[in-house]
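Chemist: Sharing a structure, written as structure tokens. Questions coming.
In our numbering, the protein residues as written are 16 to 175.
Next comes the structure, spelled out in structure tokens:
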């Protein structure tokens with residue numbers, strides 16, 4: 016009888032403390048589900064804002080006469096989408112470079128005043144630091160938002 020109580024007690028402690036090695040496929044932590052599903056999927060001590068901040072830019076405010084923001088592409092997340100919402104009165108010129116602010120240009124596009132534009136890459140990019148530099152032709156004050164989305168597969172355009 017004492018043996019059964021000890022075994023039940025140990026089983027109860029194992030379940031309550033999470034020491035049981037039960038792993039479900041849908042509970043694995045990946046960059047994609049951490050960013051999309053939130054902090055409940057993160058390992059103890061990490062936050063979604065930290066991971067999203069290191070690897071993705073989400074609605075980052077654009078302001079002033081010049082703007083730069085870096086982001087990191089981790090392994091297997093080379094499919095990049097850059098989105099800019101221009102709330103200023105001047106056309107924004109968006110340039111994305113690899114490694115440094117003056118590095119190899121990977122993307123360039125313009126966004127008209129009051130408009131927004133999203134551009135997907137056609138081939139996956141290399142891992143490491145990349146930079147987004149936004150400016151205007153005349154050096155005027157800018158306002159708007161920047162988002163950079165990283166995927167591990169090519170994002171197909173949605174049909175309307």
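C-beta atoms are modelled at their ideal positions from N, C-alpha and C, and glycine is treated no differently.
By how many angstroms is the C-alpha of residue 120 removed from the C-alpha of residue 112?
Modeler: In the chain shown, residue 112 corresponds to position 97, counting from 1. In the chain shown, residue 120 corresponds to position 105, counting from 1. Their Cα atoms are separated by approximately 4 Å.
Chemist: Is residue 76 helix, strand or coil by DSSP?
Modeler: The count along the chain shown starts at 1 and reaches residue 76 at position 61. Reduced to three states, the DSSP call for residue 76 is strand.
Chemist: Taking 8 Å as the cut-off, decide whether the C-beta atoms of residue 99 and residue 165 are in contact.
Modeler: Here residue 99 refers to the residue found at position 84 when the chain shown is read from its first residue. Here residue 165 refers to the residue found at position 150 when the chain shown is read from its first residue. In this structure, residue 165 does not lie closer than 8 Å to residue 99 by Cβ.
Chemist: Reducing DSSP to helix, strand and coil, say where residue 116 ends up.
Modeler: Within the chain shown, numbered from 1, the residue matching residue 116 stands at position 101. Coil.
Chemist: Determine the contact status of residue 73 and residue 162, defining contact as a CB-CB distance below 8 Å.
Modeler: Residue numbering aside, residue 73 sits at position 58 when the chain shown is read from its first letter. Residue numbering aside, residue 162 sits at position 147 when the chain shown is read from its first letter. Yes, the pair counts as a contact, with Cβ atoms nearer than the cut-off.
Chemist: Which runs of the beta strand (DSSP E) spanning at least 3 residues fall entirely within the segment 99–169, listed in chain order?
Modeler: Correct list: 107–113, 120–126, 131–135, 143–150 and 157–166.
Chemist: Relative to the C-alpha of residue 130, which residue among 152, 101, 153 and 88 is closest?
Modeler: Translated into the one-based positions of the chain shown, residue 130 becomes position 115. It is 101.
Chemist: Identify, in the order they occur along the chain, each residue of the same chain with its Cβ nearer than 7 Å to the Cβ of residue 14, setting aside the five sequence neighbours on each side.
Modeler: Nothing can be reported for residue 14, as the shown portion of the chain is limited to 16 through 175.
Chemist: Of all the options 135, 75, 127 and 83, which has the alpha carbon lying nearest to the alpha carbon of residue 168?
Modeler: The residue you call residue 168 lines up with position 153 of the chain shown. Here the closest residue by C-alpha is 135.
Chemist: May I ask which residues mark the beginning and end of the beta strand (DSSP E) holding residue 87?
Modeler: Sequence index remark: in the chain shown, residue 87 carries index 72 (1-based). Per DSSP, residue 87 belongs to the beta strand (DSSP E) from 82–88.
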